[in-house]
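Take a look at the structure set out below.
In the numbering used here, the protein residues as written are 6 to 408.
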């Protein structure tokens, strides 16, 4: 646009020279003056456009930051912004827009707290906590039903609380509930449950999440029961299984493995066959199993193999003194021989020890696997039958956590 303007000025200049009879020197001087004038106008126009753009940018930013800011658009002060509140009344921002996510911003609005941390727990997560019994460490597993925040006693911070669903040997014993948890909150408070299922509240910081779909390399460096390669089902299906166990755990069915006698749908608590991890894994995947028992039996069998091999190696390497052969033996000279050579009966004894110590965990694992498969089929058949008989209740459980 500026180039066209300059071209028009130059044409006017030529016409002016022909009419007035100006000399080339005067013509050149006039061209320089017009060019300088044109550049000045262009510069002034650019500065004005830049100032207007800056003003509109500031105005848009001020209007975006808060509704309490008012733009003073007077000619003498085009960029000044005043606030209707004093600096003392202006609240200090919790965090910048780049430091928190929209989910954290929503939680801050609902739960005012100085801490912006969000626990890595959600409804339907499989969680565990480390416990000890007679100085023997083990893990207690549960399913997260709900999560919320409550203020601490000092009122400055908030702590995360979760409601969990688990399976215990002592459902009515208050001391059996993990510490820092109130008394059991049952689905039917007027009726004490005898099936071992519990629903109670506990601080979220005492629990850790079990990772599903973990890669193989993670299994090599993780404790048993903390991760698995199995895939988790949808949260709605997990919630439906939890609701099914709460309502139908005491139902009696005829199981062929019990010679046709009625038995409870949910088996009694047993360390190998039915523990808290079995219930949590079934709710997550539809398979009744315990990773702790599998790991313990596997490592026990491997340990016994190592122990038997070590005993056999020590017996073969141990040297004992025996009388020398021939005349030298009559003279009292001795020679060194292997313990297995001197005592050949030790070989079958060591072999029997290895077979028993390795076979017993293997037999337990085989029996446990058959029992897990039987319980898996029994629960899944009853679960889907209940879904067909009562589709409305099943749909409510499916959609409660799926929204």
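The beta-carbon is built from N, C-alpha and C at its ideal position, and this holds for glycine as well. The model shown is predicted, which means the values in this text are computed figures rather than measured ones.
Exposed or buried, what is residue 249 when buried is set at 16 or more other beta-carbons lying within 10 Å of its beta-carbon?
Buried, because 16 or more other Cβ atoms sit within 10 Å of the Cβ of residue 249.
Does the stretch 130-146 come within contact of the stretch 207-215, defined as at least 3 CB pairs closer than 8 Å?
Contact holds: three or more Cβ-Cβ distances are below 8 Å.
If we require 4 or more residues per run, which alpha helix (DSSP H) segments fall completely within the stretch 238-290?
The qualifying runs are 240-253, 281-290.
Kindly indicate which three-state DSSP category residue 392 falls into: helix, strand or coil?
Residue 392: helix per DSSP, three-state reduction.
Rounded distance between the beta-carbons of residue 209 and residue 152, thought under 8 Å
Right, the Cβ-Cβ distance comes to about 7 Å (below 8 Å), so this counts as a contact.
Following the continuous alpha helix (DSSP H) through residue 215, name the residue where it begins and the one where it ends.
No alpha helix (DSSP H) contains residue 215, which DSSP labels as neither H nor E.
Throw me the rounded Cβ distance for the residue 283 and residue 293 pair, which I believe falls under 8 Å.
Your pair residue 283 and residue 293 checks out as a contact, with CB atoms roughly 5 Å apart and the cut at 8 Å.
Close-in-space but distant-in-sequence residues of the same chain around residue 225 (CB under 7 Å, 5 per side omitted):
Setting aside the 5 residues that flank it on each side, residue 225 has no residue in the same chain whose C-beta is closer than 7 Å to its C-beta.
Residues near residue 168 by beta carbon distance below 6 Å, same chain, minus five either side
Excluding its 5 nearest sequence neighbours in each direction, residue 168 has C-beta neighbours in its own chain below 6 Å: 150, 151, 206, listed in chain order.
Look at the alpha carbon of residue 295 and the alpha carbon of residue 165, and state the distance between them as a whole number of angstroms.
In this model, residue 295 and residue 165 are separated by some 28 Å (Cα to Cα).
Counting only the same chain and skipping the five closest in sequence on each side, list residues whose C-beta sits under 7 Å from that of residue 4.
Lying before the first or after the last residue shown, residue 4 is absent from the chain, which here runs from 6 to 408.
Do residue 271 and residue 258 have their C-beta atoms within less than 8 Å of each other?
No, they are not a contact pair.
Nearest-angstrom beta carbon gap, residue 278 and residue 376 [assumed within contact, 8 Å]:
Confirmed, Cβ separation roughly 5 Å.
Straight-line Cα distance separating residue 290 from residue 396
The alpha-carbon of residue 396 is positioned some 21 Å away from that of residue 290.
If we count the other Cβ atoms within 10 Å of its Cβ and call it buried at 16 or more, is residue 380 buried or exposed?
So residue 380 counts as buried.
So residue 219 and residue 239 are in contact, right, with Cβ under 8 Å, and what is the actual spacing, rounded?
Your pair residue 219 and residue 239 does not check out as a contact, with CB atoms roughly 19 Å apart and the cut at 8 Å.
Which one of 288, 362, 156 has the shortest CA to CA distance from residue 146?
Residue 288 is the option with its Cα nearest to residue 146.
For the candidate residues 394, 253, 242, 322, whose alpha-carbon lies nearest to that of residue 345?
Looking at the Cα atoms, 322 is the closest of the given residues.
With respect to the beta strand (DSSP E) encompassing residue 344, which residues constitute its N-terminal and C-terminal limits?
Residue range 344-347 is occupied by the alpha helix (DSSP H) that includes residue 344, with no beta strand (DSSP E) assigned at that position.
Can you tell me whether DSSP reads residue 134 as helix, strand or coil?
Collapsing the DSSP output to three states places residue 134 in a strand.
Please work out which residues of its chain come closer than 6 Å, Cβ to Cβ, to residue 171, disregarding the five sequence neighbours upstream and downstream, and give them in chain order.
Around residue 171: 147, 203, 281.
Comparing the CB of residue 247 with every heavy atom of the ligand GTP, is any distance shorter than 7 Å?
Inclusion of the ligand GTP in the displayed structure is not the case, the ligand content being empty and no account of it being possible.
As assigned by DSSP and simplified to three states, the class of residue 231:
Coil, per DSSP.
If we count the other Cβ atoms within 10 Å of its Cβ and call it buried at 16 or more, is residue 393 buried or exposed?
It counts as exposed.
Can you tell me whether residue 153 is helix, strand or coil according to DSSP?
Here residue 153 sits in strand by DSSP.
Could you tell me the alpha carbon to alpha carbon distance between residue 390 and residue 384, rounded to whole angstroms?
Near 10 Å, if we compare the C-alpha coordinates of residue 384 and residue 390.
Short Cβ contact (8 Å threshold) for residue 326 with residue 341
Taking 8 Å as the Cβ cut-off, residue 326 and residue 341 qualify as a contacting pair.
When we look at the beta-carbon of residue 227 and count the other beta-carbons within 10 Å, is it buried (16 or more) or exposed?
That one is exposed.
Could you check where the beta strand (DSSP E) with residue 220 kicks off and where it finishes?
That residue, residue 220, is in no beta strand (DSSP E); it is neither H nor E in DSSP.
Opposing strand residues paired with residue 207 [DSSP bridges]:
Residue 207 pairs with 167.
Please look up how many angstroms separate the CB atoms of residue 200 and residue 139, rounded, as I've assumed it's under 8 Å.
Contact between residue 200 and residue 139 does not hold, since their C-beta atoms are separated by about 25 Å, which reaches or exceeds 8 Å.
Per-residue DSSP class, three states only, for residue 376
Helix at residue 376.
What's the gap between the Cα of residue 401 and the Cα of residue 247?
If you draw a straight line from the Cα of residue 401 to the Cα of residue 247, it comes to about 12 Å.
Looking only at DSSP bridge pairs, what is residue 328 linked to?
Under DSSP, residue 328 forms a beta bridge with 339.
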